[in-house]
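Here is the structure we will look at, set down as C-alpha cells.
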Amino acid sequence: MSGISIPVGGSETWTASYAVDQAMIDAGADIVNTASFEPAEAEPQSDDATTTISQTPGFSIEKTVDQASLSAPGTLTYTIAVTNTGNVTLTGGALSDSLPVDFGGAAVSGISIPVGGSETWTASYAVDQAMIDSGADIANTASFDPA
Numbered sequence: 562m563s564g565i566s567i568p569v570g571g572s573e574t575w576t577a578s579y580a581v582d583q584a585m586i587d588a589g590a591d592i593v594n595t596a597s598f599e600p601a602e603a604e605p606q607s608d609d610a611t612t613t614i615s616q617t618p619g620f621s622i623e624k625t626v627d628q629a630s631l632s633a634p635g636t637l638t639y640t641i642a643v644t645n646t647g648n649v650t651l652t653g654g655a656l657s658d659s660l661p662v663d664f665g666g667a668a669v670s671g672i673s674i675p676v677g678g679s680e681t682w683t684a685s686y687a688v689d690q691a692m693i694d695s696g697a698d699i700a701n702t703a704s705f706d707p708a
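Residue numbers (the numbering used here): 562 to 708.
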C-alpha cells in the first residue's frame, strides 16, 4: 500500500487474512507475519505476530474377525481399520500382526493416512486340525506404528 497519510495523533488499522492449509499443519512450523511502515518523514518500523501451529497426532485401530469360533479347519478373515483422529497427516506408518497372516500383497509399511481418513486391510489365517485339537484360543493382535 502506498500514499498513506496519517495526521498527528491519528492512527490507521488494516486487517489481513491468511489461509492455513493442511500442509502447513503437517509441517508444524510457526506462522510469523511481519508488517512494516515506511513513512517519508521517519525511520521505518516493523512488528510481527506469531501463530503457533499445534500438532496433535492421533489414530484409532479396530480389528474384527469373521468367525468367533471354529469347530473344523478353515480360514479366519480379519479386518483391520486404522483411522487418523489427529490433526496431522500420518506418514510412514507400519501395520503389524501377532500371527503370520496373509495380507494378500497389501502394503503394510510406508502408509500415509490423511486427517480424518482411514485405511482398511483384510488378512487371512489358516486354522488346521492340530489347532482345533488343541482347543486353545487363537489370539491375534494388530498394531499400527504411525512412525
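The beta-carbon is built from N, C-alpha and C at its ideal position, and this holds for glycine as well.
Classify residue i: buried if its beta carbon has 16 or more other beta carbons within 10 angstroms, exposed otherwise.
i, result
"I567", "exposed"
"A703", "buried"
"L656", "buried"
"L631", "exposed"
"F705", "buried"
"D608", "exposed"
I believe residue i touches residue j by the beta-carbon criterion, under 8 Å. Please report the beta-carbon distance rounded to the nearest angstrom.
i, j, result
"G653", "G671", "6 Å"
"S673", "T644", "No, S673 and T644 are not in contact; Cβ-Cβ is about 13 Å, not under 8 Å."
"I709", "V581", "What the structure shows of the chain is the stretch from 562 to 708, and residue 709 is not part of that stretch, so it cannot be assessed."
"A633", "I693", "7 Å"
"F620", "L660", "Actually they are not in contact, since the Cβ atoms of F620 and L660 sit about 22 Å apart, beyond 8 Å."
"G635", "V688", "6 Å"
For the candidate residues the options, whose alpha-carbon lies nearest to that of residue i?
i, options, result
"E602", "P661, V569, A590, A703", "V569"
"Y686", "A668, T617, Y639, Q606", "Y639"
"G589", "V669, Q628, T617", "T617"
"T612", "I586, G619, L631, D627", "I586"
"N648", "L631, A684, A596, S615", "S615"
"I699", "V626, D609, T574", "V626"
"D663", "P675, T646, T683", "T683"
"T576", "T595, Q583, T681", "T595"
"P707", "E604, G696, A691, T646", "T646"
Let's see if you can read the secondary structure: which residues bound the alpha helix (DSSP H) around residue i?
i, result
"S679", "Element bounds for S679: not the alpha helix (DSSP H) but the beta strand (DSSP E), 679-688."
"D587", "583-588"
Between which two residues does the beta strand (DSSP E) holding residue i run?
i, result
"I674", "670-674"
"D698", "Premise fails: D698 is in no beta strand (DSSP E) and is neither H nor E."
Complete runs of the beta strand (DSSP E) confined to the region 593-664 [at least 3 residues]: 606-612, 620-626, 635-645, 651-658
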